[in-house]
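Here the protein sequences line up with chains A and B, keeping their order.
Residue numbering for the first sequence follows the numbering used here, starting at 2 and increasing by one per position.
Residue numbering for the second sequence follows the numbering used here, starting at 2 and increasing by one per position.
Virtual Cβ for every residue (Gly too), placed ideally from N, Cα, C.
Before any comments, here is the structure.
There are 2 protein chains.
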Amino acid sequence: MTFTRPPRIAVGPDPDELFDRAVVRGGGVPCRLDEQPDALVWTGGPAGFPELLPESVRWVQLPAAGVEEWFAAGTVKAHPQVTWTSAAGAYAATVAEHALALLLAGVRALPAHLAASSWTPTEFYPKLGTLRGAVVGIIGAGGIGRALIPMLAGIGAQSLAVTRAGRPVPGAAETLPVDRIDELWSAADHFVVAAPATAKTVRLVGARQFAAMKPTAWVINVARGSLVDTDALVDALSTGAIAGAGLDVTDPEPLPDGHPLWSLPNVIITPHDSNPPALRVPAFAEHVVENVTRFASGAELAAIIDSSAGY
Amino acid sequence: MTFTRPPRIAVGPDPDELFDRAVVRGGGVPCRLDEQPDALVWTGGPAGFPELLPESVRWVQLPAAGVEEWFAAGTVKAHPQVTWTSAAGAYAATVAEHALALLLAGVRALPAHLAASSWTPTEFYPKLGTLRGAVVGIIGAGGIGRALIPMLAGIGAQSLAVTRAGRPVPGAAETLPVDRIDELWSAADHFVVAAPATAKTVRLVGARQFAAMKPTAWVINVARGSLVDTDALVDALSTGAIAGAGLDVTDPEPLPDGHPLWSLPNVIITPHDSNPPALRVPAFAEHVVENVTRFASGAELAAIIDSSAGY
């Protein structure tokens, strides 16, 4: 689709000067939702989304990288005539950096160090590892996984990626298709979960998988809590089957007060704040500039949602 | 100097099979110290070092990257006829990785997260930063600083290096000579201290320097405690002049029980264990292989100690 005039783009649910400016920078004209927009940039959650979009709307940009809430709310399916895009990729570098922070903190035993109040190096020696020469399993090589791989390479770690089809991921030493994921658990030293939440990825990492891992393994989850079996994780952490976990997401989420994960010494919990507003909003605005530019020129949009795959 | 026969190399203070093998791999012949060695590979501290070396010894390899203890003990000056080499560079990647772990843990507010037992993301939002687009001041661009720069680049951070002469350091956005170091304090977002301990670097980072830093700055010290004024650091951390500190080294060291640094919430202390034995010993053995190879072929040794500079 190409335009003989600049596309008209509404921003909702609330007027927002930053995003109006992003629309203008992308070559669009900001308008209201009742002014026959060609597209809608949505900055809120699924709750306030219009039940019926104006017929003029052919594209909707959502603000989340993981859009399972939008599928659950029925929003995407209710508007099959519309091209939907997520913010997948927009926050990839920020979340990948967070995953690296959690993984390095684990490998360098920072939780145990922070709990100490005495100078006892020999106590820490057996807990200290390195990512240099280590193999990191990257489960899901979307934006976050792909952003993480070069960061790990800079430290001398190899990445072993798992994707749906197993097509080679740039920078990964090897890429496995998901039906060979069982080869991953004993082959990798550490794991970063970065795959979308779908029916097929529920509890992808559970008791059997933890049992196959090395006792020195750290497991990082920056995707969605549903991908990891929480009870099995608590068991694996308590029995020493794995060394620790860094969790930006949990199941249930929010993690209730008093949950065993709060008191385990080898767990780092960040309450889904790997992509905080101060970093998220400007990153989403840049994503909007890019996609409005593509929309105005008739190019393929970035991060088109595949409604059959659910992400 | 070249050899018409393989050089004879003693390992001390104790016989050590790993280092004998390293000597052989480098093309040398292991022998005892009383068997007229050409060189000595020392795996211990300064305390047990021979007062008088056999006259045949022309090269001594020390096991430390920072050798100020050896100068303090008078060992180097007592044997001016000998070429001394340190292990500088051998542990650089390991210590640089540790510095990155401390810096990322700080920027991602992991100490505050680890102290929490409730799901309160909004509490953390104002504390969360990113290294992407940040400028990291690297004070001292020896092995550790040079190993750190590409790791930071992989995350999208720029390095602003400070060296004695200011010759451009590969990968750094800019390199300042040490007489322009005062430009660094307000220009960088975070700081990694990685310079040798000499008379000129004592308390290089003190009250005036902390006052010039951004309140979001993290200061990481993986060099020697003497480079940072501890009382000024405690003040800066207590008053919020800087955001936090990651310390692998302290002054005094070991840090005594009850010292204020132990109880400040924005400090990560690792008790000089950034280069633990399990990682250090094999890295030193590789360094020995390299230097024995050079010694046997008459090439210039790596990490020759400059006894006028003190490192």
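Kindly indicate if chain A contains any beta-carbon less than 8 Å away from that of residue i.
i, result
"Phe313(B)", "Given a span of 2 to 312 for chain B in the structure shown, any question on residue 313(B) remains unanswerable."
"Arg133(B)", "yes"
"Pro278(B)", "yes"
"Ala106(B)", "yes"
"Leu19(B)", "no"
"Met214(B)", "no"
"Leu248(B)", "no"
List the residues of chain B that residue i touches, going by C-beta distances under 7 Å, in chain order.
i, result
"Ser119(A)", "Asp258"
"Asp274(A)", "Pro122, Phe125, Tyr126 and Leu129"
"Ile145(A)", "Neighbours of Ile145(A) on chain B: none; closest Cβ ~14 Å, over 7 Å."
Let me see if you follow: with CB-CB separation under 8 Å, is residue i close to chain B or not?
i, result
"Asp190(A)", "no"
"Ala166(A)", "no"
"Pro64(A)", "no"
"Thr95(A)", "yes"
"Trp219(A)", "no"
Name, in chain order, the residues that DSSP records as bridge partners for residue i.
i, result
"Arg9(B)", "Val30(B)"
"Trp1(B)", "Since the first and last residues shown for chain B are 2 and 312, residue 1(B) lies out of range."
"Ala246(A)", "Val220(A) and Val268(A)"
"Pro178(B)", "Thr164(B)"
"Val193(B)", "Ile139(B) and Ile221(B)"
"Ile305(A)", "Thr86(A)"
"Val206(B)", "Val229(B)"
"Trp60(A)", "Ala40(A) and Thr84(A)"
Can you pull the chain B residues whose beta carbon is under 9 Å from the beta carbon of residue i, in chain order?
i, result
"His114(A)", "Ile269, Ile270, Thr271, Pro272 and Asp274"
"Glu98(A)", "Leu105, Val108, Arg109, Thr131, Leu132, Arg133, Ile156 and Gly157"
I think residue i touches residue j, with their Cβ atoms under 8 Å apart; what is that distance to the nearest whole Å?
i, j, result
"Val193(B)", "Leu149(B)", "6 Å"
"Thr86(A)", "Ala246(A)", "Actually they do not touch by this definition, with Cβ atoms about 32 Å apart."
"Ala66(A)", "Ala40(A)", "Going by Cβ atoms, the distance from Ala66(A) to Ala40(A) rounds to 19 Å, so no, they are not a contact pair."
"Thr44(B)", "Pro64(B)", "5 Å"
"Tyr312(A)", "Thr176(A)", "19 Å between Cβ atoms; not a contact."
"Tyr92(B)", "Ala284(B)", "6 Å"
"His273(B)", "Pro122(A)", "6 Å"
"Ala208(B)", "Ala173(B)", "With 8 Å as the limit, Ala208(B) and Ala173(B) do not qualify as a contact, their Cβ atoms being about 27 Å apart."
"Asp190(A)", "Val137(A)", "7 Å"
"Gly143(B)", "Ala195(B)", "7 Å"
Going along chain A, which residues have a C-beta under 7 Å from residue i?
i, result
"Trp263(B)", "Ser118"
Taking C-beta pairs closer than 8 Å, name the residues in chain A that residue i reaches, listed in chain order.
i, result
"Leu101(B)", "Leu105 and Ile156"
"Pro255(B)", "Trp120"
Could you list which residues in chain B have their beta carbon closer than 8 Å to that of residue i, in chain order?
i, result
"Pro151(A)", "Gly155"
Quick one: does the C-beta of residue i sit closer than 7 Å to a heavy atom of the ligand NAD?
i, result
"Gly49(A)", "Absent from the structure shown: the ligand NAD. Ligands present: none."
Should the stretch 202-214 of chain B be regarded as contacting the stretch 109-121 of chain B, the criterion being three or more beta carbon pairs within less than 8 Å? Because the criterion of three Cβ pairs below 8 Å is not met, the stretch 202-214 of chain B and the stretch 109-121 of chain B do not touch.
Within 8 Å, do at least three Cβ pairs link the stretch 155-168 of chain B to the stretch 184-192 of chain B? Segments in contact, yes.
Taking contact to mean at least 3 C-beta pairs separated by less than 8 Å, is the stretch 24-37 of chain B in contact with the stretch 95-112 of chain A? Under the three-pair Cβ rule at 8 Å, the stretch 24-37 of chain B does not count as touching the stretch 95-112 of chain A.
Does the stretch 217-230 of chain B come close enough to the stretch 245-263 of chain B that 3 or more CB-CB pairs lie under 8 Å? Yes, the stretch 245-263 of chain B is in contact with the stretch 217-230 of chain B.
Check whether the stretch 70-90 of chain B and the stretch 46-55 of chain B touch, using three or more Cβ-Cβ pairs below 8 Å as the test. Judged by Cβ distances under 8 Å, the stretch 70-90 of chain B makes contact with the stretch 46-55 of chain B, as three or more pairs qualify.
Cβ contact (3+ pairs, closer than 8 Å) linking the stretch 167-178 of chain A and the stretch 207-225 of chain A: Too few Cβ pairs lie closer than 8 Å, so no.
Decide yes or no for the touch test of the stretch 127-142 of chain A against the stretch 290-306 of chain A: beta carbon pairs closer than 8 Å, at least 3 of them. No: the two stretches stay apart, fewer than three of their Cβ pairs being nearer than 8 Å.
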